[in-house]
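Contents: one structure, followed by commentary.
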Amino acid sequence: MGNKPISQKKLNDFTLVINPGSVLDNNNAHEMVEIITVAQDKGFKNIILDMTDLEFISSAGVGSILGTIETSREAGGDIILCNAAESILHVLEVLDLADYLTVKNNLEEAASLCS
Amino acid sequence: MLIDSKKTLVIKIPKVLSVESVDKFHEELGALINQGPAMLELDCSRIDLVTSSHINLLWEARTLCLERGIKIKLCFVSSGLIRVLKVLDLHEIFLGDKNELPEDALHQDHMEFQAIGEFKLEFRAEANSITRALAEFRRYLSKLNLPMKGVIELEIVFYEVVTNIRLHSGVSSDATIMFNANSLKNKIVMVFTDQGKAFDPTSKEQNFDPDKAIKEKKKHGFGLTMITRMTNRMTYERRDDRINVLTLEKHWR
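Protein chains in written order, with my numbering: chain Z, 110 to 224; chain D, -7 to 245.
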C-alpha cells in the first residue's frame, strides 16, 4: 500500500475537493481535520472527499470526517464522500454511518450537489 | 532413527513439542548429523496440529544440516503443513518441487482440525513500526483466502488495538508489542500482549451514536467501537500486574 499524501483542488467558490490519499489514519487524520477546518473558515461550505485512492481508513480517519461534517452543515453545505472503495464503505457500514453521511458514486454526482 | 543404504538418515518430528521432546529431538538430530549423511529426511507424519514451534524445529534442523553440507527433505507432509509453509513463504525452501515429494506426502488431510497458519510479530510501540507490522499482517492475511470484508476488518482491528497501546497505555516508543494470530478453520484468533498500564476494553460500554457524534463534532473515541463490532469475542487478562493480554476472535460462517 502506497502512502499518497492528501491533496486538494478548488471546484468552485464554495466547494473544495480533497483527496485523502491512500491511507487515512492516526498519522494524517489531524492534517485532514486541519485542511477541512481551514477550508471551512475560508468559506468552502461544501467539501467533497474524493476517495479514489483511499485503501485504508482507521477510526481516527473516520473521526476526521465525522468531527467536521456538522460545521459544513451549519453553513448550509455538506461533506460529500465519493469514489469510495467497497472496503471503505464497509467500514462506514459497520459504524452504521450510512444514514448520516452523504455518499455519491463519483465526483460528477458529488459535484452536482455543490453547484 | 533409520538408516538406509544410500546414507540417508531419517528423523521423526515429534507430535507434541514439550521441552523434553524438543531436547530429545535435538540430541537425536546432533547424533545423526555427526554421522555425516548425504541426506536427512524429516519425517512429519506425527504432526497433527501445525504450530510455529514445529516450523521453528524444521528451520533449526535445516540450518544445522546446511551448515554441515547435508541436504534435507521433508517426508509424510500433510496438506496442512504444506499450507502453513506456503503461508510463511517457506514451501519452496522446504518442499522445492512438489513432484519430488513422496507419493504419500499429499494424502493426509487433516485440514478441518488443523491450524492453517500461525503468525507471530514483535514490534515497537512506534508509528513506523506499527505501519510495518500492519504490512506484515496484511501479507499474512492475503494468503489465507479470507473474504475481503473480513480482511479489512482484521487489518483495522489490528491497527486500532496497537494504536491504542501506543497512544494510551503509557508505554515508551521502545516498548515491545507482541502479536500472535492463529488461523483455524472457522475463525482467526489474535492475541496482543503489551506491558502498558492495565486497560480492560471488555469493561467499557459501547453505545456509539452516529447522530450524536456528528452533532457534537466528535473526532476521537471510535476505535473500541470498531474493534468490538469487527470481532466476535474479546477477552482481557492482566498478568502479574504488569502484562496486558488481549485476545480477539473473528469467526467465519
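Cβ atoms here follow ideal geometry from the backbone N, Cα and C, with glycine treated the same way. Since the model is a prediction, treat every value here as computed from it, not as a measurement.
Under 7 Å Cβ to Cβ from residue 229(D), same chain only, skipping five residues before and after it: list those, please. Position 237 of the second sequence, counting from 1, holds the residue named residue 229(D). So the qualifying residues of the chain are 237.
Under 8 Å: do the region 9 to 17 of chain D and the region 34 to 41 of chain D share three or more Cβ pairs, one atom per stretch? no
Interface partners of residue 180(Z) on chain D, CB under 9 Å: On the first sequence, position 71 is the one that residue 180(Z) refers to. The contacting residues are 209.
From the DSSP output, which residues share a beta bridge with residue 31(D)? Within the second sequence, residue 31(D) is the residue found at index 39, counting from 1. In DSSP, residue 31(D) forms a bridge with 0(D), 63(D).
Sequence ranges, beta strand (DSSP E) only - wholly within the region 118 to 206 of chain D, length at least 3: 168 to 175, 179 to 186
Beta-carbon neighbours of residue 152(D), restricted to chain Z and to distances below 8 Å: Here residue 152(D) refers to the residue found at position 160 of the second sequence. Near residue 152(D) (Cβ distances below 8 Å), the residues of chain Z are 167, 168.
What first and last residue would you give for the beta strand (DSSP E) that runs through residue 141(Z)? Here the question's residue 141(Z) lines up with position 32 in the first sequence. First-last for residue 141(Z): 138 to 150, but that is the alpha helix (DSSP H), not the beta strand (DSSP E).
Where the alpha helix (DSSP H) through residue 125(Z) begins and ends: Counted from its first residue, the first sequence places residue 125(Z) at position 16. Counting along the chain, residue 125(Z) falls outside any alpha helix (DSSP H), though it belongs to the beta strand (DSSP E) covering 124 to 128.
Would you tell me roughly how many angstroms separate the C-alpha atoms of residue 206(Z) and residue 199(Z), rounded to the nearest one? Counting from one through the first sequence, the residue named residue 206(Z) turns up at place 97. Counting from one through the first sequence, the residue named residue 199(Z) turns up at place 90. Answer to the nearest angstrom: the Cα atoms are 10 Å apart.
Beta carbon of residue 124(D), beta carbon of residue 168(D): below 8 Å? Locating residue 124(D) in the second sequence gives position 132, counting from the first residue. Locating residue 168(D) in the second sequence gives position 176, counting from the first residue. Taking 8 Å as the Cβ cut-off, residue 124(D) and residue 168(D) do not qualify as a contacting pair.
Whole angstroms are fine: how far does the CA of residue 180(D) sit from the CA of residue 211(D)? Position 219 of the second sequence, counted from the start, is the residue given in the question as residue 211(D). Position 188 of the second sequence, counted from the start, is the residue given in the question as residue 180(D). If I take the Cα positions, the gap works out to 30 Å.
Looking at chain Z, is there any beta carbon in it that lies within less than 8 Å of the beta carbon of residue 228(D)? Taking the first residue of the second sequence as 1, we reach residue 228(D) at position 236. Residue 228(D) does not count as touching chain Z.
So which of 124(Z), 159(Z), 142(Z), 163(Z) has the shortest CA-CA distance to residue 185(Z)? Residue numbering aside, residue 185(Z) sits at position 76 when the first sequence is read from its first letter. Nearest option by C-alpha distance: 124(Z).
Mind the definition here: the region 164 to 176 of chain Z touches the region 203 to 220 of chain D only if three or more C-beta pairs lie below 8 Å; say whether that holds. yes
Output the distance between the C-alpha atoms of residue 212(Z) and residue 128(D), rounded to the nearest integer angstrom. Taking the first sequence and counting its residues from 1, the one referred to as residue 212(Z) is at position 103. Taking the second sequence and counting its residues from 1, the one referred to as residue 128(D) is at position 136. So the two alpha carbons sit approximately 32 Å from each other.
Spell out whether any CB of chain D is found under 8 Å from the CB atom of residue 158(Z). Taking the first residue of the first sequence as position 1, residue 158(Z) is located at position 49. Not an interface residue.
Assuming residue 214(D) contacts residue 168(Z) (C-beta within less than 8 Å), just tell me the rounded distance between them. Locating residue 214(D) in the second sequence gives position 222, counting from the first residue. Locating residue 168(Z) in the first sequence gives position 59, counting from the first residue. Indeed they touch by this definition, with Cβ atoms about 4 Å apart.
Determine which residues of the region 178 to 206 of chain D have a Cβ less than 8 Å from any Cβ of chain Z, and write them out in chain order. 200, 202, 203, 205, 206
Can you tell me whether residue 204(Z) is buried or exposed, with buried defined as 16 or more other CB within 10 angstroms of its CB? Start at 1 with the first residue of the first sequence, and residue 204(Z) comes out as number 95. With 16 or more Cβ atoms within 10 Å of its Cβ, residue 204(Z) is classed as buried.
Residue 215(D) versus chain Z: which residues are under 7 Å apart at the beta carbon? Taking the first residue of the second sequence as 1, we reach residue 215(D) at position 223. In chain order: 168.
Whose Cβ in chain Z lies nearer than 9 Å to the Cβ of residue 169(D)? Here residue 169(D) corresponds to residue number 177 of the second sequence, with the count starting at 1. In chain order: nothing, as chain Z lies at least about 15 Å away.
Residues from the region 120 to 154 of chain Z in contact with chain D, defined by Cβ distance under 8 Å: 134, 135, 136, 138, 142
For chain D, check one thing: does any of its Cβ atoms lie closer than 8 Å to the Cβ of residue 212(Z)? The residue labelled residue 212(Z) in the question sits at position 103 within the first sequence. No, residue 212(Z) lies away from the interface with chain D (no Cβ there is under 8 Å from its Cβ).
Give the straight-line distance between the Cα atoms of residue 27(D) and residue 113(D), rounded to the nearest whole angstrom. In the second sequence, residue 27(D) corresponds to position 35, counting from 1. In the second sequence, residue 113(D) corresponds to position 121, counting from 1. So the alpha carbons of these two residues sit roughly 37 Å apart.
Opening and closing residue of the beta strand (DSSP E) in which residue 177(Z) lies: As a first step, residue 177(Z) is located in the first sequence; it is residue number 68 there, counting from the start. Here residue 177(Z) belongs to no beta strand (DSSP E); instead the alpha helix (DSSP H) covers 168 to 183.
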